[in-house]
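Structure, as structure tokens:
Residue numbers (the numbering used here), protein chains in the order written: chain Y, 14 to 289; chain R, 883 to 1319.
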């Protein structure tokens, strides 16, 4: 390391990291705590932090009222499907931009990013009308395609950054050995880029899992994922915060656990290429 | 493939097809809001399924604002995702005018549509035809703390004036003990602060538009309305009231921090529920206040079930609507969950039922409040629109929310009442001109 790190500096850094970490995690922690309270305790002022009557009643009510498994399955299919489809499209795209860049590659990359700058609601009605015409409203397939398209710029950008780190000479050598383009991408590039692909995959599953605008607007009864499950517990007339918190906790639990187990890949993927 | 096997397969196929036809099931999708009465209905579906084994009901429950956006989007584009929609008194006249809703004319025998309260049915009809069936109706009223009134040596009249409200608020306020005389909506939105303020303005003789659709915020009646509102809220209201909506005020009231709260009649069952409310046994009810002009400051709303014209299962949807809004459904809820839990405010016969009147102490007040609101003549002077706390035109949701933001900003101290009214007048005039009025 370039700078000397004294124990004091280390202590300050540790305290700062924990403080920021807790601050960021606090809303989730509070949601989880509230889900174990009664409705009266949930709105108590001053708030009750740990000393309240812990209850599982809210989870019971939510379980009884909604078919959690169906929402969960829809979320898994939509988030997983859109990410996989995105990777299938993005890997060749990122390969071509990283290894055989043309004059306009940078512009194409910027243009793709610019689609993320448009507010989603601006294209809601055209997409909605197209879906009515095709008869695919409220189907998982349609949502997979829409979410794939929404996240595609991010997938391509991330993969492009990772691929740029891989020396082009290795691919060249494979080509000299007679590898076809398909073999080059499948057997040489992809295995080397696995950490990058893995973190892209994880990040996009999280993005697709939490996507609420399209999943709420394009679904009704059949394809509704967990975002619709949460929305069904929000109410402007009635204090159901504890039940809403229980529903939210159930909705984020799978993705939170997945993130927990894969945090090493996530962090590595996100900081990949940052240090040259 | 030999002939025998072919014959066998053919027979199987024919058998499967005919069995399928015999068990032809119609699936209807019902979009609804997350409130107690609607959730209760979902729990009582066994009764409907027993009566209609050929109809399968799928539920889409959404938060009110999300639901409104979803069903509007679906009905305007003829999306056909829903067969029954839970909509309010604001949407029904507009949608009926666009021919987006199926008229509820040939309902099953014994449905007794004439039994619906005239004020409620009037808000859901166009040219005398019912376009949505009311599931539950609500108005607004004063909820107050009997113990605090007693301590102050006062008594709440059954039909108070705004002066009575001010005196009571002053007497009950004890800011050091965090008890505020009155809690009212302050959060911006056409269904939030503007629902309350439009209804209050009616009692002051104010109106949104004159008969030529000219905005009326430059008239003294609106100034008088806002002056009273600001006086009450700044002197006797809770801090930060400009962000308080129904839920925030409910929370304050249940914790004993409000002397009075004027809001939806549906709140009565929450604040009197000892599981959630610390003041459950101390709540009294009174009619929404007036100002001696013959109009009270209460609103009128009915969550109703409508069938979109684009539905491909209209008959099945009608069966469901008829079941959910029938007298038999009321009796079913009463038998399973008690009379206090039946959906209120829709049928005259319910208020003639002694068992119900005994079980629901707020029943008479709800009925009186609903009956005293007239959507076709909401305020003192004649108006060109229908709606008590809203104006039933498509432009209103946008205009109402913008005006609500100005009034909320005034409550937050960011501008004066005069400035807020001036801006409200200007923006309403602009929007209405742009809309071609």
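Heads up, the beta-carbon is just placed ideally off N, CA and C, and yes, glycines get one too.
Every value quoted in this text rests on a predicted model; they were computed, and no experiment measured them.
The segment 77-84 of chain Y makes no contact with the segment 204-217 of chain Y; the number of CB pairs closer than 8 Å stays below 3.
Between residue 1169 of chain R and residue 1041 of chain R, the C-beta spacing is below 8 Å. By the 16-neighbour rule on beta-carbons within 10 angstroms, residue 1157 of chain R is exposed. Under the three-state reduction of DSSP output, residue 1190 of chain R falls in the strand class.
Chain-order list of chain Y residues neighbouring residue 952 of chain R: 229, 230 and 233, by C-beta distance under 9 Å. Here the segment 1273-1283 of chain R makes no contact with the segment 1057-1068 of chain R; the two share fewer than three CB pairs at distances below 8 Å. Taking the beta carbon of residue 1315 of chain R as reference, no residue of chain Y falls within 8 Å; the closest one sits roughly 25 Å away. Around the beta carbon of residue 1212 of chain R, a 10 Å sphere encloses 16 or more other beta carbons of the protein chains shown; the residue is thus reported as buried. Taking C-beta atoms as the reference points, residue 961 of chain R and residue 1192 of chain R count as a pair closer than 8 Å. Taking 8 Å as the threshold, the shortest C-beta distance from residue 145 of chain Y to chain R falls below it.
Its chain contains 1020 as the residues whose beta carbon lies nearer than 6 Å to that of residue 1148 of chain R, once the 5 sequence neighbours on both sides are disregarded; these appear in chain order. Contact residues of the segment 76-90 of chain Y toward chain R are 78 (C-beta to C-beta distance below 7 Å). Partner residues in the beta bridge of residue 1178 of chain R, as assigned by DSSP, are R:1172. DSSP assignment within the segment 151-217 of chain Y yields the following whole alpha helix (DSSP H) runs of 4 residues or more, N-terminal first: 153-178 and 181-189.
Ranked by Cα distance from residue 67 of chain Y, the first of Y:54, Y:199 and Y:129 is Y:54. Within its own chain, the residues whose Cβ lies closer than 7 Å to the Cβ of residue 1208 of chain R, once the five positions on either side in sequence are excluded, are 993, listed in chain order. Within the segment 148-162 of chain Y, those residues whose Cβ lies closer than 8 Å to any Cβ of chain R are, in chain order, 150 and 151. Residue pairing by DSSP places residue 943 of chain R opposite R:914 in a beta bridge. Distance check between residue 1126 of chain R and each of R:972, R:928, R:1073 and R:1190 places R:1073 closest, using alpha-carbon atoms only. For residue 1141 of chain R, the enclosing beta strand (DSSP E) starts and ends at 1140-1146. Contact note: residue 1158 of chain R reaches chain Y through 51, 52, 53, 56 and 252, using a C-beta cutoff of 9 Å and chain order. Residue burial annotation: residue 938 of chain R is exposed, with fewer than 16 other C-beta atoms found within 10 angstroms of its C-beta.
Not a single CB atom of chain Y sits nearer than 8 Å to the CB of residue 1180 of chain R. With 16 or more other CB atoms across the displayed protein chains lying within 10 angstroms of its CB, residue 965 of chain R is buried. Check the Cα spacing between residue 1317 of chain R and each of R:1095, R:1198 and R:1197: the tightest is with R:1095. Put simply, of R:1220, R:1218, R:1219 and R:1245 the residue whose alpha carbon is nearest the alpha carbon of residue 1231 of chain R is R:1245. Counting only Cβ-Cβ distances below 8 Å, residue 1165 of chain R has no contacts in chain Y at all, with the closest Cβ about 16 Å away. Pairwise C-beta distances place the segment 119-135 of chain Y out of contact with the segment 231-242 of chain Y, as fewer than three of them are shorter than 8 Å.
Between the alpha carbons of residue 181 of chain Y and residue 27 of chain Y lies a distance of about 40 Å. The C-beta of residue 1233 of chain R has 16 or more other C-beta atoms within 10 Å across all chains shown, which makes the residue buried.
Contacts with chain R at 8 Å (Cβ-Cβ) do not include residue 72 of chain Y. Relative to the Cα of residue 930 of chain R, the nearest Cα in the group R:1215, R:1111 and R:1038 belongs to R:1215.
Under the Cβ criterion of 8 Å, residue 247 of chain Y is counted among the residues facing chain R. Boundaries of the beta strand (DSSP E) harbouring residue 1015 of chain R: 1015-1027, taken from the DSSP string. Taking C-beta atoms as the reference points, residue 1180 of chain R and residue 1023 of chain R count as a pair closer than 8 Å. About 39 Å separates the Cβ atoms of residue 1028 of chain R and residue 975 of chain R, ruling out a contact at the 8 Å cut-off.
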